[in-house]
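FYI, the numbering for the sequence shown is 2 to 73, going by this note's numbering.
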Amino acid sequence: MMKQATLIAEEIKGYDEVDEAYFLDGACGLMLKVTVDGLNELRNFLEKRLGKVPGVGEVETCIVLETIKSPL
């Protein structure tokens, strides 16, 4: 699992939409923080970029509704 996650990370780390990427313990493998202009752009990123990376299987999204605290 880690080897596949490493290969995926190498592929996506140069994507402009990807702000942060983390290896996770457990079944998830990777967590990405991406920034796009809207839901259509998110769908395009998931379908046309991330979804075409070899080894990417299931993708789960969470959308931030409101920032309560941020280090910036």
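A virtual CB, placed ideally from N, CA and C, is assigned to each residue, including glycine.
In its chain, beyond the 5 residues on either side, V35, T36, V37, F46 have a beta carbon closer than 7 Å to the beta carbon of E18.
Here L40 is exposed: its Cβ has fewer than 16 other Cβ atoms, across all protein chains shown, within 10 Å. When DSSP assignments are scanned along the segment 31-60, the uninterrupted stretches of beta strand (DSSP E) that are 3 or more residues long and fall wholly within it turn out to be 31-35. Closest in alpha carbon position to L33, among E61, P55, E48, R44, is E61. Between the alpha carbons of E11 and E42 lies a gap of roughly 22 Å. Ranked by Cα distance from M3, the options C63, A28, P55 are led by A28.
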